Amino acid sequence: MIENPNEVVTKAILRLVPVPGLEKPAALITLDNGFDHKKPNSFGPGGLASLDEAITAATEANPSFIALTGKPYIFCVGADITGMPLINSREQALALGELGHRVFARLRNSEIPTFAFVNGAAMGGGLEVALHCHYRTVSSGAAALALPEVAIGLIPGWGGSQILPNLIGIINAATVILQNPLTQKTLRPKQAREWGVADALFEAADFLEDSLAWAAGVVKGEVTVERPEIERKDWDGVLEFAKAVLDEKLHGAVPSANKALELLALAKTASFEEGTAAETEALADLIMGDEARASLYSFDLVQRRAKRPVGVPDKSLARKVTKVGIIGAGLMASQLALLFLRRLQVPVVLTDLDQERVDKGVAYVTGEIDKLVAKKRMDEGTATKLRLLISGSVDKSVFADADFVIEAVFENLDLKKQIWAEFEKIVKPEAILATNTSSLSITEMAAGLEHPERVVGFHFFNPVAVLPLLEIIRGEKTDDATLATAFEVGKTLRKSSVLVKDAPAFVVNRLLTRVTSEIFQAVDAGTPLDVVNVAMDPLGLPMRPIALLQLVGPAVAYHVGETLHAAFPDRYVDSANLKRIVDSKLPVMVDKEINPEVIKILEVGDAPLTADEVRQKALDGLAEEIRIMLDEGVVAEAQDIDLCMILGAGYPFHLGGVTPYLDRSGTSEKVTGKRFLADGVANVRA
Numbered sequence: 000m001i002e003n004p005n006e007v008v009t010k011a012i013l014r015l016v017p018v019p020g021l022e023k024p025a026a027l028i029t030l031d032n033g034f035d036h037k038k039p040n041s042f043g044p045g046g047l048a049s050l051d052e053a054i055t056a057a058t059e060a061n062p063s064f065i066a067l068t069g070k071p072y073i074f075c076v077g078a079d080i081t082g083m084p085l086i087n088s089r090e091q092a093l094a095l096g097e098l099g100h101r102v103f104a105r106l107r108n109s110e111i112p113t114f115a116f117v118n119g120a121a122m123g124g125g126l127e128v129a130l131h132c133h134y135r136t137v138s139s140g141a142a143a144l145a146l147p148e149v150a151i152g153l154i155p156g157w158g159g160s161q162i163l164p165n166l167i168g169i170i171n172a173a174t175v176i177l178q179n180p181l182t183q184k185t186l187r188p189k190q191a192r193e194w195g196v197a198d199a200l201f202e203a204a205d206f207l208e209d210s211l212a213w214a215a216g217v218v219k220g221e222v223t224v225e226r227p228e229i230e231r232k233d234w235d236g237v238l239e240f241a242k243a244v245l246d247e248k249l250h251g252a253v254p255s256a257n258k259a260l261e262l263l264a265l266a267k268t269a270s271f272e273e274g275t276a277a278e279t280e281a282l283a284d285l286i287m288g289d290e291a292r293a294s295l296y297s298f299d300l301v302q303r304r305a306k307r308p309v310g311v312p313d314k315s316l317a318r319k320v321t322k323v324g325i326i327g328a329g330l331m332a333s334q335l336a337l338l339f340l341r342r343l344q345v346p347v348v349l350t351d352l353d354q355e356r357v358d359k360g361v362a363y364v365t366g367e368i369d370k371l372v373a374k375k376r377m378d379e380g381t382a383t384k385l386r387l388l389i390s391g392s393v394d395k396s397v398f399a400d401a402d403f404v405i406e407a408v409f410e411n412l413d414l415k416k417q418i419w420a421e422f423e424k425i426v427k428p429e430a431i432l433a434t435n436t437s438s439l440s441i442t443e444m445a446a447g448l449e450h451p452e453r454v455v456g457f458h459f460f461n462p463v464a465v466l467p468l469l470e471i472i473r474g475e476k477t478d479d480a481t482l483a484t485a486f487e488v489g490k491t492l493r494k495s496s497v498l499v500k501d502a503p504a505f506v507v508n509r510l511l512t513r514v515t516s517e518i519f520q521a522v523d524a525g526t527p528l529d530v531v532n533v534a535m536d537p538l539g540l541p542m543r544p545i546a547l548l549q550l551v552g553p554a555v556a557y558h559v560g561e562t563l564h565a566a567f568p569d570r571y572v573d574s575a576n577l578k579r580i581v582d583s584k585l586p587v588m589v590d591k592e593i594n595p596e597v598i599k600i601l602e603v604g605d606a607p608l609t610a611d612e613v614r615q616k617a618l619d620g621l622a623e624e625i626r627i628m629l630d631e632g633v634v635a636e637a638q639d640i641d642l643c644m645i646l647g648a649g650y651p652f653h654l655g656g657v658t659p660y661l662d663r664s665g666t667s668e669k670v671t672g673k674r675f676l677a678d679g680v681a682n683v684r685a
């Protein structure tokens with residue numbers, strides 16, 4: 000077994016607890032790594048060894064029952080994945096799987112009744128250790144219950160793939176093991192109880208006391224736990240349907256999903272020993288695969304780098320924001336208003352060309368607040384407060400005392416310059432002027448202003464409430480106080496902010512447009528739309544190129560393309576066929592299929608490419624563009640490129656964003672002469 004010198008060991012602390020009604024005390028094992036809930040419990044080699052010792056001591060004490068619980072708010076969030084990059088042989092990977100199975104099996108095979116009191120978040124190996132116990136209670140305050148391994152290139156490798164389907168049925172198990180991780184969902188306590196993951200649900204305030212009393216009832220025979228017999232006749236059909244859905248969405252690009260399907264199929268008839276042995280083999284295969292290493296790299300970016308953006312001025316320079324002004328009242332502006340209102344809870348005022356548009360924008364915000372109340376995602380007291388804080392006016396003087404003003408109007412540089420020239424005369428000298436432009440120059444936008452140092456790019460991604468990325472762009476004259484304020488506001492909005500240099504289309508749109516450019520060069524050469532649409536399938540991207548074009552809107556895509564063509568005409572094509580699609584105003588997709596009317600209007604050449612050739616051209620283009628961006632200092636490091644593509648474009652974890660895939664496919668070195676990341680950072684070291 001490999002040791003992890005960086006492991007924060009979760010200790011299993013044993014104490015004997017008297018329980019009313021029982022002659023012998025209960026052995027209560029509490030998982031606690033010595034930190035608060037911000038650093039959750041996890042299982043590395045040291046943590047598993049501590050649990051093993053605690054189970055031994057508990058068994059020797061001959062208690063009435065053994066119970067496992069966690070520190071406040073946290074049960075356990077699974078394996079300590081920080082140690083996985085240190086594993087450099089399949090033997091070490093096998094040893095990790097076998098160690099977890101051996102320790103957890105002691106709870107499953109115990110002659111003394113075992114209970115899991117799931118008092119907080121239980122994920123991965125944390126939920127699996129609970130599943131090994133004979134009985135489980137769950138707190139209403141448990142934030143998340145999940146087996147998220149597939150999303151990070153692994154599988155539930157400590158019994159989850161075998162126990163869960165035989166406990167709650169194949170449909171619900173497939174939801175927990177496959178669907179939820181790939182859609183970033185978790186189980187809530189009530190659902191866990193309804194599905195049978197937990198045997199009892201108790202309120203958080205008295206959770207431990209109620210769980211101990213309930214366990215005593217089980218031990219004395221006063222409480223009977225009934226578990227329904229699992230239906231097996233539809234098992235194969237459910238998995239065939241799940242495979243079809245996965246193939247449609249991921250196109251076979253995610254090995255962990257395929258392995259999970261195989262293990263779920265095995266759980267139908269295999270003995271527990273056979274099933275867990277297969278888990279160990281599958282886990283070892285995945286740990287020693289590049290997709291899992293890229294997934295762990297992605298996870299680290301999202302969990303750590305996103306919370307500590309690089310190159311940001313000291314937060315002490317940030318100015319206080321007590322009022323927000325939003326220029327525009329269309330859909331994007333209204334979404335921004337709702338976000339600022341909910342997160343900052345300060346007055347937010349909208350303005351637009353006429354009162355009708357302003358009223359419509361305010362109505363959208365109040366309507367969304369009403370929906371949140373109806374769904375019980377917001378209490379009426381908070382809703383009333385927010386309704387009083389949102390307002391709109393065509394009188395621009397209401398912006399005079401705003402500390403942070405953001406515009407969300409049509410992507411036209413002259414229009415935006417005109418707006419800032421007008422509003423600079425209205426707002427106070429220290430107010431931040433933020434633009435939600437997706438491609439235009441912040442420096443040019445600020446040119447001619449009396450205070451260009453307070454203009455900053457604040458680029459959200461649509462839908463605003465869902466996508467977590469915020470590209471914060473520093474113009475040539477943007478000062479540190481403005482930048483610090485922008486990042487503090489982004490943090491309050493609960494967005495992951497990345498510092499970007501003022502360059503055409505910044506990061507995400509620049510790279511997505513490069514792919515679109517390569518795709519439409521192939522179309523112009525004679526490649527059919529249905530061929531280019533499937534060209535990127537082996538990557539397992541969230542959307543195919545033509546579907547993405549439909550989502551973004553051909554006009555928007557063409558406009559960004561024009562900006563980039565003007566800046567880099569040798570790399571970004573001004574596609575006549577994309578212009579034809581824009582001018583036709585035809586939907587590119589109809590009922591999830593390419594619109595045949597669109598195909599008719601295209602004028603194509605006589606040199607079509609294969610799907611493989613299209614894909615390689617797109618990858619070559621990405622590698623070239625990323626190298627140029629890094630050389631230009633658009634972002635600090637390749638890690639920021641990957642973070643932007645994960646959070647802003649939905650690029651999957653198994654790609655590591657984009658640069659790890661370009662590295663391991665050999666594209667980086669072929670196109671640019673070197674890798675983007677050091678060998679072993681997001682792949683199995685050669």
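If you count by numbering that gives the first Met the number 0, then the sequence shown holds residues 0 to 685, one letter each, in order.
We put the CB at the ideal spot given by N, CA and C, even for glycine.
Note that the structure is a prediction, hence the values are computed from the model and not measured.
Taking the Cβ atoms as the reference, residue 255 lies roughly 7 Å from residue 148, within the contact range of under 8 Å.
C-alpha of residue 300 to C-alpha of residue 476: approximately 29 Å in a straight line.
Residue 113 is bridged by DSSP to 65. Look at residue 349 here: in three-state DSSP terms it is strand. Look at residue 423 here: in three-state DSSP terms it is helix.
For residue 471, the three-state secondary structure derived from DSSP is strand.
When Cβ pairs closer than 8 Å are counted between the two stretches, the region 132-139 is seen not to touch the region 266-282, the count staying below three.
Here DSSP, grouped into helix, strand and coil, assigns residue 134 to strand.
Taking the C-beta atoms as reference points, residue 130 is found no nearer than 9 Å to residue 145. The three-state secondary structure of residue 11, taken from DSSP, is strand.
Taken through DSSP and simplified to helix, strand or coil, residue 331 comes out as helix. Counting C-beta atoms within 10 angstroms of its own C-beta, residue 196 has 16 or more neighbours from the protein chains shown and is therefore classed as buried.
Contact between the region 54-70 and the region 115-125 is established, with three or more Cβ pairs separated by less than 8 Å.
Unbroken alpha helix (DSSP H) runs of no fewer than 4 residues, entirely contained in the region 391-435, are found at 412-423, following chain order.
Taking residue 386 as reference, the option from 411, 237, 360 with the minimal CA-CA separation is 360. Around the CB of residue 226, fewer than 16 other CB atoms lie within 10 Å, so the residue is classed as exposed.
Residue range 289-302 is occupied by the alpha helix (DSSP H) that includes residue 295. If you draw a straight line from the Cα of residue 579 to the Cα of residue 599, it is about 11 Å long.
In the three-state reduction of the DSSP assignment, residue 229 falls in the coil class.
In the structure shown, residue 42 adopts extended strand secondary structure according to DSSP, grouped into three states.
Within a 10 Å sphere around the beta-carbon of residue 80 sit 16 or more other beta-carbons, which makes this residue buried. With 16 or more other Cβ atoms from the protein chains shown falling within 10 Å of its own Cβ, residue 367 counts as buried. The beta carbon of residue 51 sits closer than 6 Å to the beta carbons of 102 from its chain, once the five residues preceding and following it are set aside; these are given in chain order. Collapsing the DSSP output to three states places residue 2 in coil. Within the same chain, 528, 531, 532, 587, 588, 593 come within 8 Å of residue 545 by CB-CB distance, once the 5 residues on both sides are set aside. A direct Cα-to-Cα measurement between residue 240 and residue 186 gives close to 22 Å.
By the criterion of at least three beta-carbon pairs nearer than 8 Å, the region 606-614 is not in contact with the region 622-636. Spatial neighbours of residue 224 in its own chain (CB-CB distance under 7 Å, excluding positions within 5 residues in sequence) are listed in chain order as 134, 198, 217.
In the DSSP secondary-structure assignment, residue 201 is bridged to 138. The beta-carbon separation of residue 637 and residue 658, rounded to 5 Å, stays under the 8 Å limit for a contact. The three-state reading of DSSP puts residue 320 in coil, since its state is none of H, G, I, E or B. Assignment of residue 281 by DSSP, reduced to helix, strand and coil, places it in the helix class. Inter-residue distance for residue 190 and residue 510 is about 40 Å (C-alpha atoms, whole angstroms).
For the region 524-567, the continuous alpha helix (DSSP H) assignments of 4+ residues that do not extend past its boundaries occur at 528-533, 544-551, 553-566, in sequence order. For the pair of segments examined, the region 450-461 was found to touch the region 428-438: the number of CB pairs separated by less than 8 Å reaches three. Between residue 322 and residue 403, the gap from beta carbon to beta carbon is short of 9 Å.
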